[in-house]
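Here is the structure we will look at.
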Amino acid sequence: MAHQTGLVLGYNGIHPFAQVRLSDRASVQALLRALLDPLEPFFSPAKARVRCPGATAVRFDQTASEVEGICRPLWGLACLLAGGGEYHGTQWWIDGLKAGTDPDSPEFWGFPRDNDQRMVEMCPLGYALAVAPVFWDSFSARERANMENWLGNSINEKNMPNTNWLWFRVFANLGLKKNGGKFSQARLDSDIRHLDTFYRGGGWSNDGPEGIHQMDYYSSSFAIHFLQLLYAKLAGDEDPARAAEFRHRAQQAALDLAHYYDEQGRSIPFGRSVGYRFAMVSFWGALAYADVDLPAPLTWGMVKGIVLRHLRYWQTQHDMWSPSGTLTVGYAYPNMYMAENYNSPGSPYWACLAFICLAVPETHPFWTSAEENHWPALPAVKPLPHPGHIMSNLGGHCMLLSSGQACSYPMKGTHAKYGAFAYSSAFGYSVPPGLFTLEQYALASQLGLSDDGGEYWKTRRLSSYAALETRGSGSGSGTESTPVLVSVWAPFPDVTVRTTLVPPHPATPNWHLRVHRLSVAPAAASNNDSPRRSIMTADGAFAVHNENALDGRYLDLYDAARGEGTQPKIIGNYDTNSPAGWIAGSKGAFAVCRDAGAVGIRALEGDHAVAAGGGGSSSSSSGRSRPREANLVNADPNSNLIHSRTVIPTLQHTLYSGQTAWYVTAVYAKPAGPGVAPSSFLDGWDAPPALPAWLQAEMAAGGKAAAGGQAKL
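Structure representation (structure tokens):
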């Protein structure tokens with residue numbers, strides 16, 4: 010066979026993936042082929058490994074990384090074959106599976122040890138064996154024995170993380186079972202029984218046991234719901250009760266999960282592993298695959314619309330490819346700052362979960378229905394008590410407010426991925442490229458506190474209290490209420506923050522509120538002669554693209570005629586104290602980019618800012634300090650998932666020992682989009698929401714909330 014050089018994307022090159030016009034099943038098949046084709050040059054000689062471009066390391070060995078490269082695309086290929094489709098490179102995978110599981114092959118994958126990454130890759134392999142007979146039927150008796158030894162026998166007595174990983178062993182055994190191979194029914198049953206202990210109700214499962222609160226995309230599309238539905242389809246005849254339960258959970262969750270996808274097809278990035286990109290939509294194809302009866306008001310046209318719009322969105326992300334046409338580690342562009350320590354160059358192909366829809370028959374209403382928009386049938390604001398989110402679809406994007414979640418093990422940028430206050434389908438989230446000054450921390454939708462003059466910053470990660478509560482609307486009717494998220498957290502032992510998150514209101518759809526009550530403990534009596542302790546604070550809005558339409562340089566001071574720029578001026582990172590870069594917090598800071606939209610932040614607390622204690626140069630003789638000021642933090646490059654150059658409107662302040670402060674922060678967001686004129690980006694900026702009556706009462710009462718419902722998270 011002639012040497013294959015593969016795809017080369019040069020200057021302004023457009024990937025074939027982006028050129029497929031999505032409309033029906035055949036076009037989605039073509040989309041998958043465009044994703045798989047560039048892998049050909051990166052197969053090893055015996056086809057057992059795929060070394061995707063990139064020499065970056067992960068926490069596991071290089072062989073396991075290359076096993077990811079061959080096994081993860083199987084999610085797409087197996088679905089294509091199961092649905093009657095064809096792919097010219099299927100033999101590459103057949104040959105690779107034979108060589109990879111053969112202990113005598115120089116490309117043998119190696120048997121897994123405890124908690125081995127190879128266990129993850131057994132899941133797509135097990136599924137492929139279960140649904141695509143071409144693989145098992147191609148094996149000789151010896152090759153089948155090799156597969157049994159590697160896929161089943163080698164994993165069943167090994168330790169695994171107490172997380173969604175247990176599903177991977179279920180599918181290893183299920184794949185062998187479907188082909189009459191040697192497997193362990195006892196292990197399969199015990200794993201599913203244990204996985205059921207993760208269930209919390211309302212369709213939601215934790216990614217782990219009691220005592221943690223972690224409900225990200227692994228709870229839905231990346232693993233738990235997705236694999237529950239595949240199990241219901243493949244094992245429903247033998248385990249009908251559990252299959253029915255899994256379908257019921259999916260029905261419940263669907264009415265919540267629909268709120269994570271906007272009209273343009275974007276999903277809300279939240280939590281870890283969002284570099285799996287379009288895997289975020291796999292839950293919806295799995296509903297059709299598992300023959301779930303949709304709950305009203307959802308229709309198959311709506312489900313189809315969610316899937317196809319999401320895939321179309323990723324077709325517009327031209328920077329996510331390597332020059333060879335393979336997926337990169339990152340999100341909208343290659344980005345190692347947001348990557349997990351397990352994201353190898355082959356990891357992004359978990360995105361192939363999205364192609365579960367190809368295993369759905371072409372006669373299914375998922376394919377025969379016309380696409381619909383699901384949003385007219387859903388409430389614009391919905392509280393979700395299990396994940397601790399309040400969802401909204403107001404102001405041109407889907408957004409979630411979040412409290413109480415935290416990753417249960419060390420995770421790079423974990424405070425940004427789980428602890429931020431708000432996450433947006435349009436603006437994404439930002440991670441810290443470094444740990445020195447605000448520019449490197451990139452505190453989008455976070456409150457940072459520093460006790461060393463602004464070098465290092467602490468943000469919300471763990472909360473001692475987190476709950477979904479309700480407050481009166483302030484309308485005077487006595488019948489309306491507003492869902493809010495309340496959390497209590499301590500960035501330092503002597504500093505306590507109580508944060509209340511308030512969703513947008515239809516009257517002010519581009520604004521949401523976050524209310525912080527901060528308390529700094531008094532200095533110890535023995536320290537009366539020492540300088541009073543100071544705590545700097547920085548409250549960030551969403552990050553927005555920092556690039557003007559004229560010449561691609563950083564945004565200039567706002568020009569109303571052009572409808573682009575910032576208030577105040579962006580000051581370089583080497584002169585952040587320049588007066589030109591600051592403005593009163595009550596006037597607020599904003600940034601407008603013609604291709605991304607507008608974000609901004611304003612301080613609404615007025616005279617309530619600080620009371621008691623006092624001290625320091627910014628305090629008046631009455632013990633009240635100067636109000637908050639606003640500026641534009643020029644975030645370090647590559648901190649945001651969506652845009653590589655961003656700026657963050659931010660409110661800053663300083664507190665001192667013994668002080669208590671109220672911060673009422675109004676956050677503005679109006680993204681660009683179809684039918685949104687750039688001249689309208691700031692239409693709502695001069696009309697921020699009024700302080701609700703219930704909030705005014707709480708502030709007057711010193712932070713004591715009126716009685717109302719609550720659901721502790």
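Position one of the sequence shown corresponds to residue 10 (this note's numbering), numbered consecutively onward.
We put the beta carbon where it would ideally sit given N, CA and C, even for glycine.
Remember, predicted model here, so these are calculated numbers, not experimental data.
Span separating the alpha-carbon of residue i from that of residue j
i      : j      : result
Leu31  : Leu40  : 8 Å
Val143 : Ser473 : 53 Å
Ser688 : Asn649 : 25 Å
Arg480 : Pro701 : 9 Å
Leu89  : Ala368 : 6 Å
Gln324 : Tyr438 : 21 Å
Gly462 : Leu296 : 52 Å
Phe729 : Cys416 : Nothing can be reported for residue 729, as the shown portion of the chain is limited to 10 through 722.
Trp101 : Pro54  : 10 Å
Thr517 : Gln455 : 21 Å
Ser626 : His222 : Since pLDDT at Ser626 reaches only 41, below the 50 mark, its modelled position is unreliable, and the value read off the structure follows with that caveat. The alpha-carbon atoms of Ser626 and His222 are separated by roughly 42 Å.
His268 : Ser401 : 7 Å
Gly413 : Glu219 : 14 Å
Gly355 : Arg321 : 22 Å
Met545 : Thr468 : 12 Å
His24  : Gly334 : 7 Å
Met131 : Ala644 : 40 Å
Ala451 : Asn647 : 10 Å
Gly632 : Tyr672 : Annotation note: pLDDT 47 at Gly632 (below 50); position unreliable, coordinate value reported separately. Each residue's Cα considered, the two are about 16 Å apart.
Ser378 : Gln661 : 52 Å
Val495 : Val76  : 44 Å
Cys602 : Pro683 : 15 Å
Ile103 : Ser147 : 7 Å
Ala710 : Thr674 : 19 Å
Thr172 : Phe255 : 18 Å
Gly109 : Arg81  : 14 Å
Start and end residues, beta strand (DSSP E) containing residue i
i      : result
Leu45  : Leu45 -> not in any beta strand (DSSP E); alpha helix (DSSP H) instead, spanning Arg34 to Leu45.
Thr655 : Thr655 to Tyr665
Ser587 : Premise fails: Ser587 is in no beta strand (DSSP E) and is neither H nor E.
Gln449 : Unbroken run through Gln449 is the alpha helix (DSSP H), Leu447 to Tyr450; no beta strand (DSSP E).
Arg209 : Tyr208 to Gly210
Val390 : Val390 to Leu393
Thr669 : Thr669 to Pro680
Asn640 : Glu638 to Val642
Ala720 : Gln719 to Lys721
Residue i, buried or exposed, once every other Cβ within 10 Å from all chains shown has been counted against 16
i      : result
Glu707 : buried
Glu489 : exposed
Arg654 : buried
Gly485 : Confidence in Gly485 is poor, its pLDDT being 41 and thus under 50, which makes the residue's placement too unreliable to answer from.
Val506 : buried
Gly549 : buried
Phe445 : exposed
Ile315 : buried
Arg122 : exposed
Val290 : buried
Leu197 : buried
Leu691 : buried
Tyr136 : buried
Asn352 : buried
Residue range of the alpha helix (DSSP H) that includes residue i
i      : result
His327 : Looking at the DSSP string, His327 is not in any alpha helix (DSSP H), and its letter there is neither H nor E.
Asn182 : Leu175 to Lys187
Gln194 : Gln194 to Asp205
Asn649 : That residue, Asn649, is in no alpha helix (DSSP H); it is neither H nor E in DSSP.
Ser291 : Ser291 to Tyr298
Gly457 : Per DSSP, Gly457 belongs to no alpha helix (DSSP H); it is in the beta strand (DSSP E), Leu456 to Ser459.
Cys88  : Leu83 to Ala91
Met224 : Taken as a continuous stretch (DSSP letters only), Met224 belongs to no alpha helix (DSSP H), as it is neither H nor E.
Asn155 : Ala150 to Met156
Min CB distance residue i to chain D below 8 Å
i      : result
Asp300 : The question asks about chain D, but that chain is absent: this structure has only one protein chain.
Inter-residue CB distance, residue i and residue j (contact presumed, cutoff 8 Å)
i      : j      : result
Ala57  : Trp118 : 7 Å
Ala348 : Asp328 : Going by Cβ atoms, the distance from Ala348 to Asp328 rounds to 15 Å, so no, they are not a contact pair.
Ser276 : Tyr270 : 5 Å
Ala552 : Val656 : 7 Å
Phe69  : Gln126 : 4 Å
Ala670 : Pro636 : No, Ala670 and Pro636 are not in contact; Cβ-Cβ is about 10 Å, not under 8 Å.
My parser needs the beta strand (DSSP E) runs of 3 or more residues fully inside the segment 526 to 605; what are they? If one requires a minimum length of 3 residues, the beta strand (DSSP E) runs lying completely within the segment 526 to 605 are 543 to 549, 574 to 576 and 598 to 602, in chain order.
Length at least 3, wholly inside the segment 472 to 527: the beta strand (DSSP E) runs in chain order: Runs of the beta strand (DSSP E) lying entirely within the segment 472 to 527 and spanning at least 3 residues, in chain order: 474 to 481, 490 to 501 and 504 to 511.
List in chain order: all unbroken alpha helix (DSSP H) runs of 4+ residues lying wholly within the segment 353 to 441. Taken in chain order, the complete alpha helix (DSSP H) segments of 4 or more residues contained in the segment 353 to 441 are 374 to 377 and 423 to 427.
What residue ranges within the segment 262 to 321 form continuous alpha helix (DSSP H) runs of no fewer than 4 residues, ordered along the chain? Unbroken alpha helix (DSSP H) stretches of 4 residues or longer found wholly inside the segment 262 to 321: 291 to 298, given in chain order.
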